[in-house]
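Everything below concerns the one structure shown next.
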Amino acid sequence: MNYHWNWKIFWQLTPEGTGTYLHTLLVGLMWTLATALAAWIIALVLGAIVGVIRTTPSKWAARLGNGYVELFRNIPLLVQMFLWYFVFPEFLPKAMGDAIKQMPPPWASFVPAVLCLGTFTAARVAEQVRAGIQALPRGQQMAGTALGLTLPQTYRYVLLPVAFRIILPPLTSEFLNIIKNSSVALTIGVIELTAAARAMQEFSFQVFEAFTAATIIYVVVNVGVVFAMRWLEKRVAVPGFIGPAVQGGGH
Amino acid sequence: MFGPFDFGVIIHNLPYLFKVGMTFTLTLTALAIVLGVFFGTLLAMMRLSSFKALSLFATGYINLMRSVPLVLVIFWFYFLVPYIGAWIIGASQPVQVGAFMSSVITFSMFEAAYYAEIMRAGIQSVPRGQVWAGYALGLNYWQTMAKIVLPQAFRNMLPILLTQTIIMFQDTSLVYVLSVTDFLGAASKIAERDGRFVEMYVFAALVYFVVCIAGSFLVRRLQRRIAIVR
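If you want it as structure tokens, here you go:
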């Protein structure tokens, strides 16, 4: 093996003259986190709504929710990314579609990436929310009704507070997934962490230093999230209500 | 691109899409399943091993693979495999392996980490008494594993293994970042050549959707059948 290692490369300036290579990677990390966090807000809100309507007594609402989950789970994320980037603006009114396409970079790729990751992850969050609600004893909902609460009130004050606590561990892994999946956004031009490492590799020819640094940053972010969520789990735990963890799969 | 949609472009390019693109995707998926399950099972056995070093290595590998994005892993292997190849055969220059070999190795090694966790749960779902019974019959570790534990573990885990395989079938589309002509790569090349983004990507989405929905339907049926037998 005659690979020329050069770990000092991180402190060298990039040819673009915007700073050191380390700076490039950290800006990439910032975009990774920005994409993931913005998409996570969409995923949580939309996922909670879809998850809840799948458990309501209304047949057609449940069917609509199931349809949403099946649709977004059975198309590859990359294809969805292209659909949001290339196809979605074509189906909007012409002025609106053009406005989206003509946004200055990086927004023209950031916005579709966030919408894509958000709606994609919402399907997975919805699956967890449904599982969390269905893991509760049936008596909980009946008790809510017996107390004279309306259906929305039952969800708001009885079912959801416990369900969300039960599904915190799988939600943690979904959050880790959304950070990892944000790397797919590089295909439509978001310069997030993986793209930044790739750019660094192309300019400096130091392939393995660039990818090692990106790998370490991903691992550190992962560990950070896991510890933060463990702390949150302890903070919000209700004694006697630590339900069985619903397993999340895939990536 | 702005004109009315032209779905003829799909019909004209069907042979290219399926003969070149889908063949690549399916071959890659099939090879990655076989190698991924093989290495995944080995990793699971290592992780459950009583040798500390083995189990530490397997745990480290699985956690590392599970905490980095697949896209980054694809890039890693694309650049690393030529050097590993050179190291194995003692060549002084990195070996050219090509995008296909590189994708097969990437997906096998990446999915192995996910299959390993599934197989670990599968192995642990087999009661300990089965292992002891094997040893009591005079079988050694490998015989007990091959004849008693693994067949049951596979059977218990089959639905989850297949679900993971459907996810992997979708994930193979990410070889797009190596400019490989898999199914999506083929669709995207035509889309760019003819400026027919809407038609090609909607069609690609539809094909993936139909395949995956059919797959998950079959998995659900299998799950029910297994549940009754057990």
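Going line by line, the protein sequences match chains A and B. 12 is the number of the first residue of the first sequence in the working numbering; add one for each residue after it. 11 is the number of the first residue of the second sequence in the working numbering; add one for each residue after it. All C-beta atoms, glycine included, are put in the ideal place defined by N, C-alpha and C.
Discussion item. Using a Cβ-Cβ distance cut-off of 8 Å, determine whether B/T39 contacts chain A.
Written reply: Your numbering for residue 39 of chain B matches position 29 in the second sequence. B/T39 does not count as touching chain A.
Discussion item. Please state the DSSP three-state secondary structure of B/L268.
Written reply: A question about residue 268 of chain B goes unanswered here, because the residues of chain B that appear run from 11 up to 240.
Worksheet item: From what residue to what residue does the alpha helix (DSSP H) around A/P180 run?
Response: Here the question's residue 180 of chain A lines up with position 169 in the first sequence. Element bounds for A/P180: 179–192.
Item to complete: Determine the contact status of A/A124 and A/V201, defining contact as a CB-CB distance below 8 Å.
Response: Translated into the one-based positions of the first sequence, residue 124 of chain A becomes position 113. Translated into the one-based positions of the first sequence, residue 201 of chain A becomes position 190. Yes.
Worksheet item: Does the distance from the CB of A/V82 to the CB of A/I64 come in under 8 Å?
Response: Position 71 of the first sequence, counting from 1, holds the residue named residue 82 of chain A. Position 53 of the first sequence, counting from 1, holds the residue named residue 64 of chain A. It is worth fixing the name first, because residue 82 of chain A is Leu in this sequence and not Val. Not closer than 8 Å, so no.
Worksheet item: Which partner residues does A/T31 have in the DSSP bridge list?
Response: For the purposes of this step, residue 31 of chain A is identified with residue 20 of the first sequence, where counting begins at 1. Per DSSP, A/L24.
Worksheet item: Given A/I190, which residues of its chain have a CB within under 8 Å of its CB, disregarding the five upstream and five downstream residues?
Response: On the first sequence, residue 190 of chain A is found 179 positions in, with the first residue counted as 1. So the qualifying residues of the chain are T43, L44, A47, Y229, V232, N233, V236.
Worksheet entry | Within chain B, partners of A/L55 - CB distance below 9 Å | Within the first sequence, numbered from 1, the residue matching residue 55 of chain A stands at position 44. Simply none; closest approach about 21 Å.
Worksheet entry | Best match in A/Q217, A/W71, A/E203, A/F219 for proximity to A/L36 [C-alpha to C-alpha] | The residue you call residue 36 of chain A lines up with position 25 of the first sequence. Closest option to A/L36, Cα to Cα, is A/E203.
Worksheet entry | CB contact below 8 Å: A/E185 versus chain B | Here residue 185 of chain A is taken as the residue at index 174 of the first sequence, counted from 1. Chain B contact via Cβ: absent.
Practice prompt. Measure from the C-beta of A/N192 to each C-beta in chain B and report whether the shortest distance is under 8 Å.
Written response: The residue labelled residue 192 of chain A in the question sits at position 181 within the first sequence. Closer than 8 Å: yes.
Worksheet item: Assuming B/I84 contacts B/L184 under a Cβ cut-off of 8 Å, what Cβ separation, rounded to an integer in Å, is found between them?
Response: Start at 1 with the first residue of the second sequence, and residue 84 of chain B comes out as number 74. Start at 1 with the first residue of the second sequence, and residue 184 of chain B comes out as number 174. Between B/L184 and B/I84 the Cβ distance is about 6 Å, and since that is below 8 Å, they are a contact.
Worksheet entry | Contact list for A/L197 against chain B, beta-carbon separation under 9 Å | Position 186 of the first sequence, counting from 1, holds the residue named residue 197 of chain A. Simply V81, V187.
Worksheet entry | Straight-line gap, B/M155 to B/R57 (C-alpha atoms, nearest Å) | By 1-based counting over the second sequence, the position of residue 155 of chain B is 145. By 1-based counting over the second sequence, the position of residue 57 of chain B is 47. Near 14 Å, if we compare the C-alpha coordinates of B/R57 and B/M155.
Practice prompt. Output yes if chain A places a C-beta closer than 8 Å to the C-beta of B/A215; else output no.
Written response: Numbered from its first residue, the second sequence carries residue 215 of chain B at position 205. For B/A215, the answer is yes, since a Cβ of chain A falls inside 8 Å of its Cβ.
Item to complete: State yes or no: is the C-beta of A/I177 within less than 8 Å of the C-beta of A/A146?
Response: Against the first sequence, residue 177 of chain A aligns to sequence position 166. Against the first sequence, residue 146 of chain A aligns to sequence position 135. Closer than 8 Å, so yes.
Discussion item. Taking CB distances under 8 Å as the criterion, tell me whether B/Y211 reaches chain A.
Written reply: The sequence position of residue 211 of chain B within the second sequence is 201, counting from 1. True, the Cβ-Cβ gap to chain A drops below 8 Å.
Worksheet item: Is any beta-carbon of chain B found at less than 8 Å from that of A/I86?
Response: In the first sequence, counting from the first residue as 1, residue 86 of chain A sits at position 75. Chain B contact via Cβ: present.
Worksheet entry | Where the alpha helix (DSSP H) containing A/M92 begins and where it ends | Position 81 of the first sequence, counting from 1, holds the residue named residue 92 of chain A. Note, A/M92: alpha helix (DSSP H), 88–93.
Item to complete: Give every residue of the same chain whose Cβ lies closer than 8 Å to the Cβ of B/T191, excluding the five residues on either side of it in the sequence, and list them in chain order.
Response: The residue given as residue 191 of chain B occupies position 181 in the second sequence. Cβ within range, chain order: V30, G31, F34, K199.
Practice prompt. Could you check the C-alpha separation between A/Q217 and A/A224 for me, to the nearest Å?
Written response: Along the first sequence, read from residue 1 onward, the residue named residue 217 of chain A stands at position 206. Along the first sequence, read from residue 1 onward, the residue named residue 224 of chain A stands at position 213. Distance between the alpha carbons of A/Q217 and A/A224 is about 11 Å.
Worksheet item: For B/T182 versus B/F117, is the C-beta distance shorter than 8 Å?
Response: Here residue 182 of chain B corresponds to residue number 172 of the second sequence, with the count starting at 1. Here residue 117 of chain B corresponds to residue number 107 of the second sequence, with the count starting at 1. Cβ distance < 8 Å, so B/T182 and B/F117 count as in contact.
Worksheet item: Can you tell me whether DSSP reads B/T69 as helix, strand or coil?
Response: Residue mapping note: residue 69 of chain B aligns to position 59 of the second sequence, counting from 1. Of the three classes helix, strand and coil, the one that applies to B/T69 here is helix, per DSSP.
Item to complete: Could you list which residues in chain A have their beta carbon closer than 8 Å to that of B/I223, in chain order?
Response: Here residue 223 of chain B refers to the residue found at position 213 when the second sequence is read from its first residue. Neighbours of B/I223 on chain A, chain order: E81, N85.
Item to complete: Determine which residues of the stretch 58–89 of chain B have a Cβ less than 8 Å from any Cβ of chain A, and write them out in chain order.
Response: L74, R76, S77, V78, P79, L80, V81, L82, F85, W86, F89
Worksheet entry | DSSP-derived helix/strand/coil call for A/H2 | With chain A covering 12 to 262 only, the question about residue 2 of chain A has no answer from this structure.
Fill in: Environment of A/H15 [buried if 16+ CB atoms lie within 10 Å]
Taking the first residue of the first sequence as 1, we reach residue 15 of chain A at position 4. A/H15 should be labelled exposed.
Worksheet entry | Straight-line gap, B/A143 to B/A40 (C-alpha atoms, nearest Å) | For the purposes of this step, residue 143 of chain B is taken as residue 133 along the second sequence, with counting starting at 1. For the purposes of this step, residue 40 of chain B is taken as residue 30 along the second sequence, with counting starting at 1. Using only the alpha carbons, I get a separation of about 35 Å.
Item to complete: Please report the Cβ distance between B/E209 and B/F17, rounded to the nearest whole angstrom; I am assuming they are in contact, meaning their Cβ atoms lie under 8 Å.
Response: Position 199 of the second sequence, counting from 1, holds the residue named residue 209 of chain B. Position 7 of the second sequence, counting from 1, holds the residue named residue 17 of chain B. Between B/F17 and B/E209 the Cβ distance is about 6 Å, and since that is below 8 Å, they are a contact.
Practice prompt. Verify whether the separation of the beta carbon atoms of A/V90 and B/Y71 is less than 8 Å.
Written response: Taking the first residue of the first sequence as position 1, residue 90 of chain A is located at position 79. Taking the first residue of the second sequence as position 1, residue 71 of chain B is located at position 61. Taking 8 Å as the Cβ cut-off, A/V90 and B/Y71 do not qualify as a contacting pair.
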